[in-house]
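Enquirer: Quick one: the structure is below, and I'll ask about it shortly.
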Amino acid sequence: MMTKYKPRISGRPHGAGGEKRRPFSAFRGVQANHPVAVNPPMEKIIESAEGKLKVIVLGGLEEVGRNMTLIEYEREIIIIDMGLQFPEEDMLGIDYIIPNISYLKDKAEWIKGVIITHGHYDHIGGIQHIMGEIGNPPIFMSKLTAGLVKKKCAEYRNCPKLNDKLIDEDLVLRLGQSFRVGFLRVNHSIPDCFAVIVDTPLGRIVHTGDFKIDYSPVNDKPADLQRIAQIGSEGVLLLMSESTESTHPGYQISESAIGNEMDKIFEKIEGRIIVGTFASQLARVQKLFDLAEKHGRRIYLQGRSMNDNVEIAHQIGYMKFNPRILVNDNELERIPDNKILVLGTGSQGESNAFLQRVVSHEHKTIHLKEGDTVIFSSSVVPGNERTIQSLKDMMTRQGADVIHYEMMDVHAGGHAKQEDLKLMMRLLKPEYLMPIHGNHYMLKAHGDLARAVGIPKEKIFIADNGQIAEFVKNETGVTVGKLTKEKVITDYVMVDGLGVGDVSNIVLRDRRVMAEDGMIVIIATIDSEHGKTIGNPDIISRGFVYMKDSRELIEATRMKVKKMVESHDSRTSADIDHIKNRIRDEVGQFLFMKTKRRPMVLPVVIKV
Ligand SMILES: [Zn+2]
Ligand SMILES: [Zn+2]
1135 MMTKYKPRIS GRPHGAGGEK RRPFSAFRGV QANHPVAVNP PMEKIIESAE
1185 GKLKVIVLGG LEEVGRNMTL IEYEREIIII DMGLQFPEED MLGIDYIIPN
1235 ISYLKDKAEW IKGVIITHGH YDHIGGIQHI MGEIGNPPIF MSKLTAGLVK
1285 KKCAEYRNCP KLNDKLIDED LVLRLGQSFR VGFLRVNHSI PDCFAVIVDT
1335 PLGRIVHTGD FKIDYSPVND KPADLQRIAQ IGSEGVLLLM SESTESTHPG
1385 YQISESAIGN EMDKIFEKIE GRIIVGTFAS QLARVQKLFD LAEKHGRRIY
1435 LQGRSMNDNV EIAHQIGYMK FNPRILVNDN ELERIPDNKI LVLGTGSQGE
1485 SNAFLQRVVS HEHKTIHLKE GDTVIFSSSV VPGNERTIQS LKDMMTRQGA
1535 DVIHYEMMDV HAGGHAKQED LKLMMRLLKP EYLMPIHGNH YMLKAHGDLA
1585 RAVGIPKEKI FIADNGQIAE FVKNETGVTV GKLTKEKVIT DYVMVDGLGV
1635 GDVSNIVLRD RRVMAEDGMI VIIATIDSEH GKTIGNPDII SRGFVYMKDS
1685 RELIEATRMK VKKMVESHDS RTSADIDHIK NRIRDEVGQF LFMKTKRRPM
1735 VLPVVIKV
């Protein structure tokens, strides 16, 4: 059967060998009668190859976040994903963490392309910060992903104009001399997701991206098991497969099953319905729009990311709804409680998100009251349990009923569970497996599953961030791999406001101290001639003690400082730094002795 040959991409991307629709048989609908690409055939490269194939995961092996994978062969690199990680609870004031690209610093020339699997922040959140640092190579992503990425980039002034190309399941790219790349559509909690198939001179690598196996997805095509099996039948050297739900037995629930559960809930509720979900869970958001329509409710959409994402997805056709279903602030008052659905962000208890603002009475229009039902429609991201619990407590105190997915099955995750992961391995039959996208124990659990389906232990690579996996041909021409002890730098790169990497651990420690024990500022004015204090030192405390209740302590501190300064021999050393250090040390000790707390002490010494 002839398939029409139509290159999707014109021109040659920078540094790449150009790409052509010259797929090999695994790539859907393409047979041998396609025009041959200008590139030398893959077989040629393989014969002459004696090189090493390296796989380096810069982020995503010790966390669910900052995903970024490098595939390197003979001075050519392709990158898969460039995500961010949300900070740990002890990283105060940090917006997020992005992958460390030190390894790529002098290798911009080597980078032949960047492929983005889907539009979640743990896969796209680093793009705006990193692309400019690595020479802005061509970037390949799906239509919805591109919409979300470009929106983020436009908000960040250091993001270069992206040299982006759209991907779909029929496209095959030739990147550099070494890589041929195809795409497999997968299901997840956001539409337009792809797994990546990379053919290298030493064998095929399949990177799943985030996936679930869904036979009846919402607004998306079902999993194409046949194609996955075909890819597998052609031989897979290495499978890099996500591990988010690898500790959960069974199969993931279909997104359409959630709709049914939600439908039942909607039917019963008389008052206002307030749903908190991830702005990026667009399949879920679509389902909620459909349900609102069905139950005659209009939608009050809250949260900037929610509004942005819905707008982008609607514009490019991934979400379908009549815009008149949306309610603005002015209309809200006139709509009866049983006719409204409030849809917002903050189901993880994020501090500035919609739900948090509602419970802390900071939201301009929504305040909880008896009769309201709040539905948390996303699972708890590990680490957020406490925050979410207190959010739910506050909601119930304010009179609302709270439904969480634990109580009723309102949640289907976007990630493959154990049986799905096994199915993927059975279909692809990889020789080696490298679990990705998870904390160490999730990777390990995924490794155990791999052993259960027959992959030998030494071919399962449970790696740390930056640890290099290496493949070479042995004397008999067979590709063999090993996980080396070698590691590239993957230290945290923290983004704070709009600054990247300028928050050191010292700054973090200071913030932690201030958050836990507060701070105290001591202002002493010294007469430089006589070395005496002028007046009494001023003391300001924030977050340490309540000044009015601690008069004695403050007064004692004041006297201590005064004495310290005056005993200081100004003739030998009138050095301000020295006085400041003494105040810091001695007042710190004194306050600790009195209160068992260690506030940050900030001495300000003014000489007149
Ligand atoms: Zn995802
Ligand atoms: Zn992810």
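For what it's worth, the numbering used here labels the leading residue of the sequence shown as 1135, then goes sequentially. In this text, a Cβ means the ideal position worked out from N, Cα and C, and glycines have one as well. Every value quoted in this text rests on a predicted model; they were computed, and no experiment measured them.
Measure the CB-CB distance between residue 1211 and residue 1241 and report whether it falls below 8 Å.
Expert: Taking 8 Å as the Cβ cut-off, residue 1211 and residue 1241 qualify as a contacting pair.
Enquirer: In the DSSP output, what is residue 1207 paired with across the bridge?
Expert: According to DSSP, residue 1207 bridges with 1187 and 1210.
Enquirer: Check whether the Cβ of residue 1382 lies closer than 7 Å to any heavy atom of ligand 2, and answer yes or no.
Expert: Not so, every heavy atom of ligand 2 lies at least 7 Å from the Cβ.
Enquirer: Since I believe residue 1347 is in contact with residue 1340 (beta carbons under 8 Å), could you give me their beta-carbon distance rounded to a whole number of angstroms?
Expert: Not a contact, Cβ separation roughly 15 Å.
Enquirer: Do three or more CB pairs link the stretch 1366 to 1373 to the stretch 1550 to 1567 at distances below 8 Å?
Expert: With the cut-off at 8 Å, the stretch 1366 to 1373 and the stretch 1550 to 1567 touch.
Enquirer: Taking Cβ positions, are residue 1375 and residue 1577 nearer each other than 8 Å?
Expert: No. Outside cutoff.
Enquirer: Mapping the DSSP letters down to three states, classify residue 1564 as helix, strand or coil.
Expert: Three-state result, residue 1564: strand.
Enquirer: Going by DSSP, which residues form a beta bridge with residue 1330?
Expert: In DSSP, residue 1330 forms a bridge with 1317 and 1341.
Enquirer: Using the C-alpha atoms, what's the distance from residue 1586 back to residue 1609?
Expert: So the alpha carbons of these two residues sit roughly 31 Å apart.
Enquirer: Check whether the Cβ atoms of residue 1440 and residue 1478 lie closer than 8 Å to each other.
Expert: Going by C-beta atoms, residue 1440 is nearer than 8 Å to residue 1478.
Enquirer: Identify whether residue 1732 lies in helix, strand or coil by the three-state DSSP scheme.
Expert: Residue 1732 falls in the coil class under three-state DSSP.
Enquirer: If you drop the 5 nearest sequence neighbours on each side, which residues of the same chain put their C-beta closer than 7 Å to that of residue 1201?
Expert: The residues are 1193, 1194, 1215, 1217, 1256, 1257 and 1571.
Enquirer: Verify the contact flag: residue 1548, CB atom, against every heavy atom of ligand 1, threshold strictly below 7 Å.
Expert: Yes, since a heavy atom of ligand 1 falls inside the 7 Å radius drawn around the Cβ of residue 1548.
Enquirer: Does at least one heavy atom of ligand 1 sit under 7 Å from the Cβ of residue 1254?
Expert: Within the cutoff, so yes.
Enquirer: So, helix, strand or coil for residue 1219, using DSSP?
Expert: It is a strand residue.
Enquirer: Can you find the residues in the same chain that come closer than 7 Å, C-beta to C-beta, to residue 1748, ignoring five residues on each side of it along the sequence?
Expert: The structure shown does not extend to residue 1748, since the chain spans only 1135 to 1742, so no value can be given for it.
Enquirer: Considering only the beta carbon of each residue, do residue 1352 and residue 1420 sit closer than 8 Å?
Expert: Contact flag set, yes.
Enquirer: For my contact list, residue 1475 and residue 1433 are in at a C-beta cut-off of 8 Å; report their separation, rounded to the angstrom.
Expert: Right, the Cβ-Cβ distance comes to about 5 Å (below 8 Å), so this counts as a contact.
Enquirer: Sort 1709, 1548 and 1594 by Cα distance to residue 1323 and report the nearest one.
Expert: Comparing Cα-Cα distances from residue 1323 to each of 1709, 1548 and 1594, the minimum goes to 1548.
Enquirer: Quick one, are the C-beta atoms of residue 1334 and residue 1187 less than 8 Å apart?
Expert: Cβ atoms of residue 1334 and residue 1187: closer than 8 Å.
Enquirer: Quick check on the burial criterion: 16 or more other C-beta atoms within 10 angstroms. Buried or exposed for residue 1649?
Expert: The residue is exposed, with fewer than 16 neighbouring Cβ atoms inside 10 Å.
Enquirer: Say the cut is 7 Å; is the CB of residue 1344 nearer than that to a heavy atom of ligand 1?
Expert: Result yes, Cβ under 7 Å from ligand 1.
Enquirer: If we ignore side chains and look at the alpha-carbon of each, how far apart do residue 1259 and residue 1381 end up?
Expert: For residue 1259 and residue 1381, the distance between alpha carbons rounds to 26 Å.
Enquirer: Output needed for residue 1756: all residues of its chain with C-beta closer than 6 Å, excluding positions within five of it in sequence on either side, in chain order.
Expert: Residue 1756 is absent from the model: the chain starts at 1135 and stops at 1742.
Enquirer: Indicate whether residue 1627 and residue 1362 have their beta-carbon atoms separated by less than 8 Å.
Expert: For residue 1627 and residue 1362, no; Cβs fall outside 8 Å.
Enquirer: What does the Cβ neighbour count give for residue 1743, buried or exposed, with the cut at 16 atoms within 10 Å?
Expert: The question about residue 1743 has no answer, for the chain in this structure spans 1135 to 1742.
Enquirer: By how many angstroms is the C-alpha of residue 1682 removed from the C-alpha of residue 1738?
Expert: Rounded to the nearest angstrom, the two C-alpha atoms are 22 Å apart.
Enquirer: Spatial neighbours of residue 1429 within its chain, please: C-beta separation below 6 Å, excluding the five flanking residues on both sides.
Expert: These residues qualify, in order along the chain: 1400.
Enquirer: Which whole runs of the alpha helix (DSSP H) in the stretch 1427 to 1482 are 4 residues long or more, in chain order?
Expert: Listed in chain order, the complete alpha helix (DSSP H) runs (minimum 4 residues) inside the stretch 1427 to 1482 are 1438 to 1449 and 1463 to 1466.
Enquirer: Excluding the 5 residues flanking residue 1701 on each side, which residues of the same chain have their C-beta closer than 8 Å to its C-beta?
Expert: The answer is none, since no qualifying residue turns up.
Enquirer: Hey, how far is the Cα of residue 1688 from the Cα of residue 1343?
Expert: Approximately 57 Å, taken between the alpha carbons.
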